[in-house]
Amino acid sequence: MSPQLALLVNPAARGGRTLRQLEPVARRLRAGGAELSVIVGDDAADALERACTAVAERPDALVAFGGDGLVHLAVQAVAGTDVPLGIIPAGTGNDIAAALGVPCKDPLAAARVVLRMKSRLVDAARVRAGRAEELFAGVVACGFDSRVNERANRLTWPAGSGRYVRAVVGELRTFRPVPFRLVLDGEEVIEREAMLVAVANTRSYGAGMRVCPDARPDDGLLDVLMVEAISKGEFLRVFPSVYRGTHVGHRAVTMRRARTVRLETLGGDPVRDLLDGMVAYADGERVGPVPVECEVQPGALRVLV
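Sequential numbering of the sequence shown, starting at 1, is according to the UniProt record's numbering.
And the structure:
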């Protein structure tokens with residue numbers, strides 16, 4: 001029986017360059033026997049509404065053709081349903097797909113994975129920040145990296161990854177360690193000045209930064225990283241090791257595992273935290289200002305792998 005696939009497309013991925021890959025991918029899926037409907041939203045909210053409508057019609061899979069941001073959106077539509085999520089990586093960062101073993105450099109190979117229709121259950125996690133509440137499949141970040149995201153989103157030049165390089169340079173000039181409080185499983189409390197905190201369901205973000213290299217998407221736990229206050233010079237020296245995952249051995253790095261995580265700033269004021277850019281990002285998408293609460297949802301996602 002031909003699989004019924006809803007293909008969710010981000011036309012802006014990689015500045016629109018990935019649209020050139022859409023036709024051969026769609027052709028490959030149809031040649032493999034799939035019946036395909038393509039979903040393109042006017043914006044993120046419209047895309048999510050269309051994806052939820054498609055999932056309600058019970059396709060054999062919702063397939064995200066894009067990067068981590070589009071996967072994040074697709075997770076909102078399929079989590080808690082029996083409709084599996086397929087991923088055809090076509091973004092700047094494809095960390096969630098990589099963690100699940102989906103081919104990230106060959107869209108046609110990823111399409112073949114979808115056509116096999118073999119699925120597994122993995123975890124998702126719920127994140128709450130103020131009135132905002134959503135699910136994530138990868139990593140929630142707060143601190144230096146989320147400040148860089150905030151700065152990059154305000155820039156209009158240059159395009160692509162160059163904008164983030166410019167944002168990193170700008171943020172390094174002004175960033176100061178943040179007094180964070182972490183509460184793990186409602187019991188263990190960690191209070192320290194830190195450069196950043198990450199709460200991870202999968203191992204990496206930012207196109208290959210293995211921030212929590214031992215995180216597993218099916219263990220019912222979240223891996224939590226805190227980088228304590230260090231000089232900017234040392235921070236820059238340590239930073240490249242995140243691509244190998246060896247930063248976890250540094251004296252300033254604390255690693256924990258938990259089912260629930262509450263993240264807040266000591267003596268924090270929500271308005272001041274928002275003005276200071278102390279916000280959380282989930283899978284590279286803005287969630288909102290601290291305090292932030294994360295809770296793992298074991299087996300909430302069925303994914304094609």
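Even glycine gets a Cβ: it sits at the ideal position worked out from N, Cα and C.
At the C-beta level, VAL71 and ILE87 come within 8 Å of one another.
Per the C-alpha coordinates, the member of GLY288, ARG116 and THR92 positioned closest to GLY130 is GLY288. Assignment of GLU57 by DSSP, reduced to helix, strand and coil, places it in the coil class.
Separation of ARG154 and ARG147 (C-alpha to C-alpha, rounded to the nearest whole angstrom) is 11 Å. GLU295 is a Cβ neighbour of THR260, given a cutoff of 8 Å.
Taking C-beta atoms under 8 Å as the contact rule, VAL224 and VAL199 qualify, at a distance of about 5 Å.
GLU49 carries a helical assignment under DSSP once its states are collapsed to helix, strand and coil. For the 8 Å CB-CB criterion, LEU62 and ALA51 form a contact.
VAL211 is not a Cβ neighbour of THR265, given a cutoff of 8 Å. At a Cβ-Cβ threshold of 8 Å, ALA79 and LEU222 do not count as neighbours. For THR246, the secondary structure class from DSSP, reduced to helix, strand or coil, is helix.
Its chain contains ALA6, LEU7, LEU8, VAL9, ALA47, ARG50, ALA51 and ALA54 as the residues whose beta carbon lies nearer than 8 Å to that of ILE39, once the 5 sequence neighbours on both sides are disregarded; these appear in chain order. Residue nearest to ALA34 within the set CYS104, GLY93 and ASP60 is ASP60 (criterion: CA-CA distance).
Counting C-beta pairs closer than 8 Å gives fewer than three between the segment 239-246 and the segment 94-110, which falls short of the contact rule. Going by DSSP, ASP123 is part of no alpha helix (DSSP H) but of the beta strand (DSSP E) stretching over 119-129.
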